[in-house]
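The opening position of the sequence shown corresponds to residue 11 in the working numbering, with each subsequent residue numbered one higher. Structure first, then comments.
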Amino acid sequence: MMKFIKENIYLLVILIIIAVINIALLQFPLTNVFGYEFAVINAVLLSFLSAIYSVTYFKKYLGEKEKPEQFILFKTYSVFLIIPFLISVGNSLVTSFCSFYDGILFYLVLTLPSVIIGGALALIAINTINRFQTLIVCLIYFSILSITFFELYLNPQVYFFNPIFGYFPGTIYDEGLSVSTKLFLYRCINIIFFGIIFLVLGRRIKEKKRDNKKIIIVALILSGIFYYFSPHIGYSTTYGRLSIELPVTLETENFIIHTDKAIPHEELKLIALNQEYYLQQLELYFEVDQKEKIRSFIFRNSIQKKDLFGSGNADVAKPWLNNIYISIENWEHTLKHELAHCVSAEFGSGIFKVAAGFNPALIEGIAEAADNSYDDNEIHFLAALAYNNNYKVNISSLLKGLNFFSNASSLGYIYSGSFIRYLAENYGISKIKKYYATNDLESTYEVQLEEVLMGYYSFLEGFELMDSEDKAHYYFGRKAIFSKVCPRYISDRLNNGWKMFNSNNIDGARSTFTEMLAKSNSYSALLGRAFCFEKIDSLDSAIELISGKIS
11 MMKFIKENIY LLVILIIIAV INIALLQFPL TNVFGYEFAV INAVLLSFLS
61 AIYSVTYFKK YLGEKEKPEQ FILFKTYSVF LIIPFLISVG NSLVTSFCSF
111 YDGILFYLVL TLPSVIIGGA LALIAINTIN RFQTLIVCLI YFSILSITFF
161 ELYLNPQVYF FNPIFGYFPG TIYDEGLSVS TKLFLYRCIN IIFFGIIFLV
211 LGRRIKEKKR DNKKIIIVAL ILSGIFYYFS PHIGYSTTYG RLSIELPVTL
261 ETENFIIHTD KAIPHEELKL IALNQEYYLQ QLELYFEVDQ KEKIRSFIFR
311 NSIQKKDLFG SGNADVAKPW LNNIYISIEN WEHTLKHELA HCVSAEFGSG
361 IFKVAAGFNP ALIEGIAEAA DNSYDDNEIH FLAALAYNNN YKVNISSLLK
411 GLNFFSNASS LGYIYSGSFI RYLAENYGIS KIKKYYATND LESTYEVQLE
461 EVLMGYYSFL EGFELMDSED KAHYYFGRKA IFSKVCPRYI SDRLNNGWKM
511 FNSNNIDGAR STFTEMLAKS NSYSALLGRA FCFEKIDSLD SAIELISGKI
561 S
């Protein structure tokens, strides 16, 4: 036993790491269910650990007559894959499954290829240089990961396909997610490409042939060709691709608008006028001059934006690129907010020109404060509505780290926006800009945060609100994605339910909404089921359903 442990200590350490990390994942929302987040984190973990282990495995045979057995290595990879699977599925059996079918699809498509990719990267490292192979494989691994950073920074997209993790869909506000044909084909390409590298280089090591530079060069060339053509097959988005998909261009004094041919010209002119008007307001509010023209990408609907940009439900700005990305159906509600992100870049911090420390409460709060409109209500009114109806948020916590996302999005946006506007109204916009650039409130204002918050809470308590409880429930009753039960699975099925409803498949829609309502307290599922009753002339049943849930 001790001999076995000594001979396999490196492997045992890796297995323990896999087990410990996966047990830890059970303690966090989203990763504690057998689904997308669990699969994608394990794809990152196992591709790295399999690469590190494979380097050690193959190095043993470089100077020896004994030949490596890839079959033994594949058995080890299988153990790597089985441990996370058993931990997550075992936990789901004790608690509850969202969908075993969805979970196993994500695991097979995202996680399974990771060990093959890791092994291929190890063989590339071993055949690149005779020393420091572990360091080389780490450099290769993080170089592939860094492609995502460059795509985020340089390209007009927030979705990403990458061999290491497979796929990232965009913002967290697009909750619905399932394995698409595009993702399946992408991972098939990954398996074929890296599988061939693994088999060819592995065989040549077995045959003691070390002159494999040409094979690696061919692999690099093929990778470059795939990356060059990836925008044409939907695996990335460049400005060239957007110019084809959004061929209509309108240039004004301060903007260049790109949009779809389906957008009426009169509405496009109206958007252009509103952009110029909002920009003037924002320049006055922030006391800055916008130096460069802002590029606006207006999509014909959220589906097109999801496909080309990666965020269907949320409009987005990239301040460092001076770009905004908006669906035509949302522009009246989101245009000024997104423009505020670009204007605030004039005093933003770092290469992304946003709040120092990448503080999301400051980033979104300053845009909400400048916009001062949430569903046609002033931001202070909605903050007071929340505060005085027991939808309270710890502002001190909200302003730290990623706590912004632990609340329902409406609460996070409204409180951060109201608080930043309160600071601007009481201390001036120049201090807000300094706070934004430093992320240090107490140094900027020379006062303790708790003292400022006492004044802010008193300010909210001073609002006179009439018959506000139902309105507060409407705006703030939703949960954050991290607090929801099976958000990916339920949102995806609800989307399918509404598609069936809109195509007049009422029986299918009602079945879907009923199933989702049994799993969660989703407003969408409740309304969907009620509408199904209404469609089949059973209005009493619809009223009874809604009344029962409200009571």
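For each residue, glycine too, the CB sits at the ideal point set by N, CA and C. Keep in mind the model is a prediction, meaning the values are calculated, not measured.
With the cut-off set at 9 Å, would you say threonine 138 and isoleucine 146 are in Cβ contact? Yes, they are a contact pair.
Going by other Cβ atoms of all chains shown within 10 Å of its Cβ, with 16 needed for buried, is glycine 375 buried or exposed? buried
Relative to the C-alpha of isoleucine 24, which candidate in His242, Pro94, Gln37, Ala393 has its C-alpha closest? Pro94
Would you call valine 571 buried or exposed, if buried means 16 or more other Cβ atoms sit within 10 Å of its Cβ? Beyond the ends of the chain as shown, which are 11 and 561, falls residue 571; an answer cannot be given.
Rounded straight-line distance, which links the Cα of glycine 427 to that of leucine 367: In the sequence on display, residue 367 carries glycine and not leucine. C-alpha separation (whole angstroms): 18 Å.
Cβ pair count under 8 Å reaching 3, the stretch 288-304 against the stretch 314-322: A contact is defined here as three or more CB-CB pairs under 8 Å, and the stretch 288-304 fails this definition with respect to the stretch 314-322.
Extract the residue ranges of the alpha helix (DSSP H) inside the stretch 80-111, only unbroken runs of 4 or more that lie entirely within it. Correct list: 80-104.
Which residues share a DSSP beta bridge with isoleucine 336? Ile308
At which residues does the alpha helix (DSSP H) containing glutamate 261 begin and terminate? No alpha helix (DSSP H) holds glutamate 261; the beta strand (DSSP E) holding it covers 258-261.
I think isoleucine 430 touches isoleucine 442, with their Cβ atoms under 8 Å apart; what is that distance to the nearest whole Å? 6 Å
DSSP bridge partner residues for threonine 269 (one or two, in chain order): Val258, Ile308
Tell me glycine 176's beta-bridge partners as DSSP assigns them. Asn172
On the DSSP bridge list, what partners appear for alanine 394? None, per the DSSP bridge assignment.
Proximity to serine 306 [Cα-Cα], best of Ala327, Gln300, Val298, Gly322: Minimum Cα-Cα distance from serine 306 among the listed residues Ala327, Gln300, Val298, Gly322 corresponds to Ala327.
Quick check on this structure: which residue in Tyr397, Phe473, His390 has the alpha carbon closest to the alpha carbon of tyrosine 432? Distances from the alpha-carbon of tyrosine 432 to those of Tyr397, Phe473, His390 put His390 closest.
Excluding sequence positions up to five away, which residues of its chain have a Cβ less than 6 Å from the Cβ of tryptophan 330? Phe362, Lys363
Flag this pair as yes or no: are the beta carbons of glycine 176 and leucine 193 separated by less than 9 Å? In this structure, leucine 193 lies closer than 9 Å to glycine 176 by Cβ.
Along the chain, where does the beta strand (DSSP E) that runs through aspartate 410 open and close? As written in the sequence, residue 410 is lysine, which differs from the aspartate given in the question. No beta strand (DSSP E) contains lysine 410, which DSSP labels as neither H nor E.
Does the beta-carbon distance from serine 359 to asparagine 449 come in below 9 Å? yes
Neighbourhood of threonine 500 by C-beta distance below 7 Å, restricted to the same chain and skipping five residues each side: At residue 500 the sequence reads isoleucine, which differs from the threonine that was named. Contacts found: Met526, Lys529, Ser530, Ser532.
Return the chain-ordered list of same chain residues with a C-beta closer than 8 Å to the C-beta of lysine 271, the five sequence neighbours on each side being excluded. Cβ within range, chain order: Pro257, Val258.
Would you identify the three-state DSSP class for asparagine 222, choosing helix, strand or coil? Taken through DSSP and simplified to helix, strand or coil, asparagine 222 comes out as coil.
Bridge-paired residues (DSSP) for valine 326: Tyr335
Please state whether the Cβ-Cβ distance between serine 246 and serine 240 is less than 9 Å. yes
Straight-line CA distance for glycine 212 to valine 125? In this structure, the alpha-carbon of glycine 212 lies about 14 Å from that of valine 125.
So for asparagine 400, helix, strand or coil by DSSP? coil
So the alpha helix (DSSP H) leucine 133 belongs to, where does it begin and stop? 122-136
Histidine 351, buried or exposed, once every other Cβ within 10 Å from all chains shown has been counted against 16: buried
Would you call asparagine 140 buried or exposed, if buried means 16 or more other Cβ atoms sit within 10 Å of its Cβ? Exposed.
Segment limits, alpha helix (DSSP H) that includes cysteine 496: Premise fails: cysteine 496 is in no alpha helix (DSSP H) and is neither H nor E.
Tyrosine 563 in three-state terms, based on DSSP: Because the chain here runs from 11 to 561, residue 563 falls outside it and cannot be looked at.
With three or more C-beta pairs closer than 8 Å as the rule, is the stretch 95-107 touching the stretch 25-44? They touch, by the three-pair rule.
Which whole-angstrom value is the C-beta distance of threonine 121 and alanine 53, which I expect to be below 8 Å? 5 Å
So, asparagine 566 versus alanine 519, is the Cβ gap smaller than 9 Å? Missing from the structure shown is residue 566; the chain here goes from 11 to 561 and no further.
Helix, strand or coil, according to DSSP, for leucine 147 in the structure here? It should be pointed out that residue 147 corresponds to valine in this sequence rather than to leucine. Valine 147 falls in the helix class under three-state DSSP.
Grouping DSSP H, G and I as helix and E and B as strand, with all else coil, what is serine 359? Serine 359: strand per DSSP, three-state reduction.
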